[in-house]
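Residue numbers (our numbering): 1041 to 1336.
In what follows, a structure is listed as structure tokens, so that the remarks can point back to it.
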């Protein structure tokens, strides 16, 4: 309110005083008794042109005040214009942020969280005791310790209640992961073939056919057995054993697994743990094999 009164008063006065020696931008009002410290503060107090006459400290002896020089006033006006632009930009951003907040609040009001009566009543449990309630429906009260938003529909948070921390993590089954892998491969191939560069693929490989779903799936142990049953051997004439690093997956395709289809070999625990000791034996891994006609 005091700033508004000062501006209104400044709009009526015919002169303002600025003193670098005795003035103060915090407590000054532009009078002789209480001058401003900077000319920029004087112009910002007035707020608009035309500006009143501005007096500054005189450089002459026996003279207290002198009218500000044209060069000084010109420089101060440039600074004032820059501040005006910053202020307008800041006000615009604040207005946009306020509008965005109002919109988000309206969207949030549309979201309703209801208890599903068909499920068992949740039990209120402290975070430190949650391990004993895995697979059961529980209710946890706590504070949001960390929060990270990803887009409009995804949010990760960590809760704490004084007894421990509860982290919200994305989860999918191993079969879901394999399905996502199929979707990823087929989607990328479809996008490439439909793009302007799709003709280049057929120029390089006229017989290319996009992979077909569903991909064939086989456990690693079954693949080893299959190679033995079809008399597929290594260069030294011995059979492939469980744990071998290099497996000739192309023989699987030639043996009827299916051309133009991809092979997902699962449960490569022994092979992966031997190559990456930091992965424990409970990890579930997958290798994707491609038939030669997809590569040549």
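Glycine residues also receive a C-beta, built at the ideal position from the N, C-alpha and C atoms.
Quick caveat: nothing in here was measured; it's all calculated off a predicted structure.
{"Asked": "Residue 1212 beta carbon near the ligand ADP (any heavy atom closer than 7 Å)", "Found": "For the structure depicted, the ligand ADP is absent and the ligand set is empty, with no information on it obtainable."}
{"Asked": "Range of the contiguous beta strand (DSSP E) that encloses residue 1252", "Found": "1252-1259"}
{"Asked": "Cβ-based neighbour list, residue 1064, same chain, cut-off 7 Å, excluding 5 preceding and 5 following", "Found": "1077"}
{"Asked": "Euclidean distance between Cα positions of residue 1105 and residue 1140", "Found": "50 Å"}
{"Asked": "8 Å Cβ shell around residue 1123 - same chain, five flanking residues per side excluded", "Found": "1080, 1084"}
{"Asked": "Outcome for residue 1075 when other beta-carbon atoms lying within 10 angstroms are tallied against a minimum of 16", "Found": "buried"}
{"Asked": "Length at least 3, wholly inside the stretch 1165-1192: the beta strand (DSSP E) runs in chain order", "Found": "1183-1190"}
{"Asked": "Span separating the alpha-carbon of residue 1103 from that of residue 1095", "Found": "12 Å"}
{"Asked": "Whole-angstrom distance between residue 1260 and residue 1228, CA atom to CA atom", "Found": "26 Å"}
{"Asked": "Check whether residue 1162 and residue 1177 have beta carbons under 8 Å apart", "Found": "yes"}
{"Asked": "Length of the line joining the Cα atoms of residue 1222 and residue 1251", "Found": "9 Å"}
{"Asked": "Buried/exposed call for residue 1058, threshold 16 Cβ in 10 Å", "Found": "buried"}
{"Asked": "Close-in-space but distant-in-sequence residues of the same chain around residue 1238 (CB under 8 Å, 5 per side omitted)", "Found": "1232"}
{"Asked": "Inter-residue CB distance, residue 1264 and residue 1282 (contact presumed, cutoff 8 Å)", "Found": "5 Å"}
{"Asked": "CB of residue 1092 within 8 Å of CB of residue 1056, strictly", "Found": "yes"}
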